[in-house]
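Colleague: From first to last, the protein sequence lines stand for chains C and F. The C-terminal position of the first sequence is numbered 287 in numbering that gives the first Met the number 0, with every residue numbered one higher than the one before it. The C-terminal position of the second sequence is numbered 300 in numbering that gives the first Met the number 0, with every residue numbered one higher than the one before it. Beta carbons: idealized from backbone N, C-alpha and C, even for Gly. A quick note: this is a predicted structure, and the numbers were derived from the prediction, not measured.
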Amino acid sequence: MSSSSLRRWSFPSLVLPSWPWRITWLYLTFILFLPLAGLLLRAANVGPAQFWVLATSPIAMATYKISFGLALLASLINGLFGLVIAWALVRTSFPGQRLLDALIDLPFALPTAVAGLALAAVYSTNGWLGQPLFEWFGLKVAFNWPGVLVAMVFISLPFVVRTVEPVLRSLEKEQEEASWCLGASSFQTFFKVVLPQLTPAILAGIAQGYSRAVGEFGSVVMISSNVPFRDLITPTLIIQKLEEYDFAGATVVGCVMLIFALLSLMVINFIQVWGRRYTDDTTRIPTL
Amino acid sequence: MTTFAPVSLDQAPALEAPRAPLHRRIGPQLLSVLIPVVACLYVGVIILLPALNVVIQAFAKGWGPFVESVSNEDLLSALRLTAFVTSIAVPANVIFGLAAATAIARKEFRGKALLLSIIDLPFSISPVVVGLMLVLLFSPTHGLLESLVNSTGFKVLFSVPGMVLATIIVSMPFMAREVIPLLEEEGWEQEEAAKTLGASDWQVFHKVTLPSVRWAVLYGLILTTARSLGEFGAVAVVSGNIVGQTQTLPLFVEDAYKQYKTELAYGAALLLAGMAIVSLLLKFFVERLLEQDKRAARPDG
Chain C
0 MSSSSLRRWS FPSLVLPSWP WRITWLYLTF ILFLPLAGLL LRAANVGPAQ FWVLATSPIA
60 MATYKISFGL ALLASLINGL FGLVIAWALV RTSFPGQRLL DALIDLPFAL PTAVAGLALA
120 AVYSTNGWLG QPLFEWFGLK VAFNWPGVLV AMVFISLPFV VRTVEPVLRS LEKEQEEASW
180 CLGASSFQTF FKVVLPQLTP AILAGIAQGY SRAVGEFGSV VMISSNVPFR DLITPTLIIQ
240 KLEEYDFAGA TVVGCVMLIF ALLSLMVINF IQVWGRRYTD DTTRIPTL
Chain F
0 MTTFAPVSLD QAPALEAPRA PLHRRIGPQL LSVLIPVVAC LYVGVIILLP ALNVVIQAFA
60 KGWGPFVESV SNEDLLSALR LTAFVTSIAV PANVIFGLAA ATAIARKEFR GKALLLSIID
120 LPFSISPVVV GLMLVLLFSP THGLLESLVN STGFKVLFSV PGMVLATIIV SMPFMAREVI
180 PLLEEEGWEQ EEAAKTLGAS DWQVFHKVTL PSVRWAVLYG LILTTARSLG EFGAVAVVSG
240 NIVGQTQTLP LFVEDAYKQY KTELAYGAAL LLAGMAIVSL LLKFFVERLL EQDKRAARPD
300 G
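1) Does the Cβ of C:Tyr-209 have 16 or more other Cβ atoms within 10 Å, making it buried, or fewer, making it exposed?
2) Could you check what DSSP says for F:His-22 in three-state terms: helix, strand or coil?
3) In chain F, which residues lie less than 8 Å from C:Arg-41 when you measure between Cβ atoms?
4) Buried or exposed: C:Lys-172, going by 16 or more other Cβ atoms within 10 Å of its Cβ?
5) Output, in chain order, the set of chain F residues within a Cβ distance shorter than 8 Å of C:Val-121.
6) Less than 7 Å between the C-beta atoms of C:Leu-38 and F:Met-132, yes or no?
7) So is C:Pro-11 in contact with chain F if we call contact Cβ pairs under 7 Å?
8) Just to make sure I have the definition right: I need the residues of chain C whose C-beta is within less than 7 Å of the C-beta of F:Glu-253. Which are they?
9) Is C:Thr-91 close to chain F, meaning its C-beta is less than 7 Å from at least one C-beta of that chain?
10) Can you tell me where the alpha helix (DSSP H) holding F:Glu-107 begins and where it ends?
11) Could you give the C-beta distance for C:Ala-203 and C:Thr-162, rounded to a whole number, given that I count them as a contact under 8 Å?
12) By Cβ distance below 6 Å, which residues in the same chain neighbour C:Phe-142 in space, the five residues on each side in sequence not counted?
13) Anyone know if the C-beta pair for F:Phe-231 and C:Gly-217 falls short of 7 Å?
14) What did DSSP end up calling C:Ala-247 once you bin it into helix, strand or coil?
15) Relative to the alpha-carbon of C:Met-256, which residue among C:Thr-62, C:Phe-32 and C:Phe-136 has its alpha-carbon at the smallest distance?
16) Determine the chain C residues that contact F:Gly-232 at a beta-carbon separation under 9 Å, and present them in chain order.
17) Within the same chain, show all residues whose beta-carbon is closer than 8 Å to that of C:Ala-183, passing over the 5 residues directly before and after it, in chain order.
18) Say whether the stretch 25–43 of chain C touches the stretch 167–186 of chain F, bearing in mind that this needs 3 or more beta-carbon pairs closer than 8 Å, one atom from each stretch.
19) Using the beta-carbon count (16 or more within 10 Å), is C:Arg-41 buried or exposed?
20) Spell out a yes or no on whether the stretch 222–229 of chain F and the stretch 271–281 of chain F are touching, meaning 3 or more CB-CB pairs, one atom from each, closer than 8 Å.
21) Grouping DSSP H, G and I as helix and E and B as strand, with all else coil, what is C:Val-140?
22) Mapping DSSP to helix, strand and coil, what is F:Asp-73?
23) Return the CA-CA distance between C:Ile-284 and C:Val-166, expressed in angstroms with no decimal places.
24) Measuring CB to CB, does C:Ser-74 end up less than 7 Å from C:Ala-260?
25) So, is the C-beta of C:Asp-104 closer than 7 Å to a C-beta in chain F?
26) Check whether chain C comes within 7 Å of F:Phe-153, counting only Cβ atoms and requiring the distance to be less than that.
27) Using a beta-carbon distance cut-off of less than 7 Å, what residues from the stretch 26–47 of chain F approach chain C?
28) 7 Å is my cut-off, CB to CB: does F:Pro-172 come that close to chain C?
29) Secondary structure at F:Ser-68, three-state DSSP: helix, strand or coil?
30) Taking the alpha-carbon of F:Leu-270 as reference, which of F:Leu-114, F:Gly-61, F:Val-53 and F:Val-178 has the nearest alpha-carbon?
31) Comparing the C-beta of F:Ala-193 with each C-beta of chain C, is any distance below 7 Å?
32) What does a CB cutoff of less than 8 Å around C:Pro-47 pick up in its chain, not counting 5 residues either side in sequence?
33) Ignoring anything shorter than 4 residues or poking outside the stretch 148–178 of chain F, list the alpha helix (DSSP H) runs there in chain order.
34) Just checking: is the beta-carbon of F:Ile-168 within a distance shorter than 7 Å of some beta-carbon in chain C?
35) According to DSSP, simplified to helix, strand and coil, what is C:Lys-240?
36) Closer than 7 Å, CB to CB, is C:Phe-189 near chain F or not?
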């Protein structure tokens, strides 16, 4: 090894990082790492056996079922309708298209408490939509688990639309024309030519929507009756435990949600890397 | 070897334009009507009707009662607190976002993807868990920093500093997320030219980098502000929700709704919805400017 490379390697940290680096790390340390460390340290104090007992207590399991299950259902519903909406925005033209486009962003912009208030009013048994649903089908939406589903659908609606839209816009029409020319039906063209190229974007949107719906609190807490085993979601359980000064229980359940958040981040990153095989670098899947 | 049977001319199909099978002619036309109808119905039921409901309920008894409920003392103090929290959280995140973007965007290093994911983390953590983390740190009875909190007497939990901190965490990624991709796409050349011409680091940032990403910064600013104004979950956990003291506008909406003060709830909700719509409009205009900048940034124009 030459002496110059030795010298380069011997004191790598003597050069002070630039100001932007210092600000970034200082900020991340105090704003993100310190609180994260607090949660993890508290969780470590609980001990593995006790952790498992608290994390899998019947009430916690019931809330996981509501939170993770309904969020999955909501994001899948939005996967389907998100594709339809993106198609309507890109491939068709109709009066009111601009309004539709603008409305899609509303769940991002509207404070969740307002969304919860609005949904609870519309879907309650004397609301605009809740009343007919209750009278015709006997379905109680607000203050019941379907209400939680509606809130989750509302909150995760924009994700699939906004991930699919740019990819759909960048698709080359020639491929579909070639497919028609070769005798494929529009059905076959859609499922064998168009859909495979949209799949990474759809999955990324579903994953982001799912992650958002699982963590959602503001809108769900207002439309749900927050009764355990019926429509209590995990974030609300954390708050209830804190209100009862059950810090260990809150920490453990919070840790479960944190692990889920980390996992979902990894999955979303993986989908994005995987999706690049269809898109060049300038049209990568957007992160919202 | 296949042999082709000779076809006499009168047996051959007439040479007219081939007609697509029926399902292919009707299908796409039907779909081109059906798809927008389904899309509009879905968005109408999930988004438009609830949004309209807020407006109509807020004005259910006319303009007078609306003004009366909006000028309620508790509502106004909630509005002031929301504005105060936002006015601290947004500048803090702007500084962080710009610093992180200039530090990260144009360097390739091991763990870059990981660092970007870490910055994204507040997007995927539930706001309630963010609040929980702050409680576990600053609680005067159970917090990790309890001795520090008790000895200095600086109250973080159930008071404004905790709410500011919670708001900062949940709205942290927006700015960095908007600026980093744009900086990545642009080259280093302009900054290098400025440096060779003798500009200091600060001058390079202030006169070259910042102007080149100005619309992305504005876009990030709008998103950060919108999120800070509307944050509910994280603030709800740390605030204690004391009326007139630690109640932001979104908390006020929930509290008023729970106490059956429906008019107050809808008045405050309409105020927040109005802010959301303003932010959407601003976002729409900045998006166009951003597209122009992005097009200019690409080498092929």
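Modeller: So, from the data block:
1) Residue mapping note: residue 209 of chain C aligns to position 210 of the first sequence, counting from 1. The residue in question, C:Tyr-209, is buried, as its Cβ has 16 or more Cβ neighbours within 10 Å.
2) The residue labelled residue 22 of chain F in the question sits at position 23 within the second sequence. The pLDDT assigned to F:His-22 is 49, lower than 50, so where the model puts this residue is not dependable, and the model offers no usable value.
3) Translated into positions along the first sequence, residue 41 of chain C becomes position 42. At a C-beta separation below 8 Å, C:Arg-41 has these neighbours in chain F: Leu-135 and Leu-143.
4) Start at 1 with the first residue of the first sequence, and residue 172 of chain C comes out as number 173. By the 10 Å Cβ count, C:Lys-172 comes out exposed.
5) On the first sequence, residue 121 of chain C is found 122 positions in, with the first residue counted as 1. Residues of chain F passing the Cβ test: Leu-48, Pro-49 and Asn-52.
6) Counting from one through the first sequence, the residue named residue 38 of chain C turns up at place 39. Counting from one through the second sequence, the residue named residue 132 of chain F turns up at place 133. Taking C-beta atoms as the reference points, C:Leu-38 and F:Met-132 count as a pair closer than 7 Å.
7) Numbered from 1 along the first sequence, position 12 holds the residue referred to as residue 11 of chain C. For C:Pro-11, the predicted model reports a pLDDT of 45, less than 50, meaning its position is unreliable and no value from the coordinates is stated.
8) Working through the second sequence from its first residue, we reach residue 253 of chain F at position 254. Here the neighbours are Ala-112 and Met-221.
9) Within the first sequence, the letter at position 92 stands for residue 91 of chain C. Against chain F, the CB of C:Thr-91 has a partner CB under 7 Å away; the residue lies at that interface.
10) Position 108 of the second sequence, counting from 1, holds the residue named residue 107 of chain F. Neither: F:Glu-107 is in no alpha helix (DSSP H) and is coded neither H nor E.
11) Taking the first residue of the first sequence as position 1, residue 203 of chain C is located at position 204. Taking the first residue of the first sequence as position 1, residue 162 of chain C is located at position 163. Confirmed, about 5 Å.
12) The count along the first sequence starts at 1 and reaches residue 142 of chain C at position 143. The beta carbon of C:Phe-142 is closer than 6 Å to those of Ser-224 in its chain, skipping five residues each way along the sequence.
13) In the second sequence, residue 231 of chain F corresponds to position 232, counting from 1. In the first sequence, residue 217 of chain C corresponds to position 218, counting from 1. Yes, the Cβ-Cβ distance between F:Phe-231 and C:Gly-217 is below 7 Å.
14) For this step, residue 247 of chain C is matched to residue 248 along the first sequence. Three-state DSSP puts C:Ala-247 in a helix.
15) By 1-based counting over the first sequence, the position of residue 256 of chain C is 257. Proximity to C:Met-256 across C:Thr-62, C:Phe-32 and C:Phe-136 peaks at C:Thr-62, based on C-alpha coordinates.
16) Position 233 of the second sequence, counted from the first residue, corresponds to residue 232 of chain F. Neighbours of F:Gly-232 in chain C, taken as residues whose beta carbon is under 9 Å from its own, are Thr-111, Gly-214, Glu-215, Phe-216, Gly-217, Val-220, Pro-234 and Ile-238 in chain order.
17) Locating residue 183 of chain C in the first sequence gives position 184, where the first residue counts as 1. Counting only Cβ-Cβ distances below 8 Å, and skipping sequence neighbours, we find Lys-191 and Val-192.
18) They touch, by the three-pair rule.
19) Here residue 41 of chain C refers to the residue found at position 42 of the first sequence. When all chains shown are included, C:Arg-41 counts as buried.
20) Yes, the stretch 222–229 of chain F is in contact with the stretch 271–281 of chain F.
21) Mapped onto the first sequence, residue 140 of chain C falls at position 141. Under the three-state reduction of DSSP output, C:Val-140 falls in the coil class, being neither helix nor strand.
22) As a position in the second sequence, residue 73 of chain F is number 74, starting the count at 1. F:Asp-73 falls in the helix class under three-state DSSP.
23) Looking up residue 284 of chain C in the first sequence gives position 285. Looking up residue 166 of chain C in the first sequence gives position 167. Note that C:Ile-284 has pLDDT 45, beneath the 50 cutoff, so the model's placement of it is unreliable and no number is given.
24) Within the first sequence, residue 74 of chain C is the residue found at index 75, counting from 1. Within the first sequence, residue 260 of chain C is the residue found at index 261, counting from 1. Not a contact, by the Cβ cut-off of 7 Å.
25) Looking up residue 104 of chain C in the first sequence gives position 105. Judged by the 7 Å Cβ criterion, C:Asp-104 is in contact with chain F.
26) Numbered from its first residue, the second sequence carries residue 153 of chain F at position 154. Residue-level contact by beta carbon fails for F:Phe-153 and chain C, as no gap is shorter than 7 Å.
27) Per Cβ criterion, the list reads Gly-26, Pro-27, Ser-31, Ile-34, Pro-35, Val-37, Ala-38, Cys-39, Tyr-41, Val-42, Val-44, Ile-45, Ile-46 and Leu-47.
28) If you number the second sequence from 1, residue 172 of chain F lands on position 173. Taking Cβ atoms only, chain C never reaches closer than 7 Å to F:Pro-172, which makes this a no.
29) As a first step, residue 68 of chain F must be located in the second sequence, where it is residue number 69. If DSSP states are grouped into helix, strand and coil, F:Ser-68 belongs with the helices.
30) As a first step, residue 270 of chain F must be located in the second sequence, where it is residue number 271. Checking every option, the nearest Cα to that of F:Leu-270 belongs to F:Val-53.
31) The residue given as residue 193 of chain F occupies position 194 in the second sequence. Answer no: the Cβ-Cβ gap between F:Ala-193 and chain C never drops below 7 Å.
32) Taking the first sequence and counting its residues from 1, one reaches residue 47 of chain C at position 48. Same-chain partners within the cutoff: there are none.
33) Those alpha helix (DSSP H) runs which fall completely within the stretch 148–178 of chain F and span 4+ residues are 159–169.
34) What you label residue 168 of chain F is simply residue 169 of the second sequence in a count that begins at 1. So yes, F:Ile-168 belongs to the interface.
35) By one-based count along the first sequence, residue 240 of chain C stands at place 241. Three-state DSSP puts C:Lys-240 in a helix.
36) Numbered from 1 along the first sequence, position 190 holds the residue referred to as residue 189 of chain C. Residue-level contact check: C:Phe-189 does not touch chain F, since none of the beta carbons of chain F fall below 7 Å from its beta carbon.
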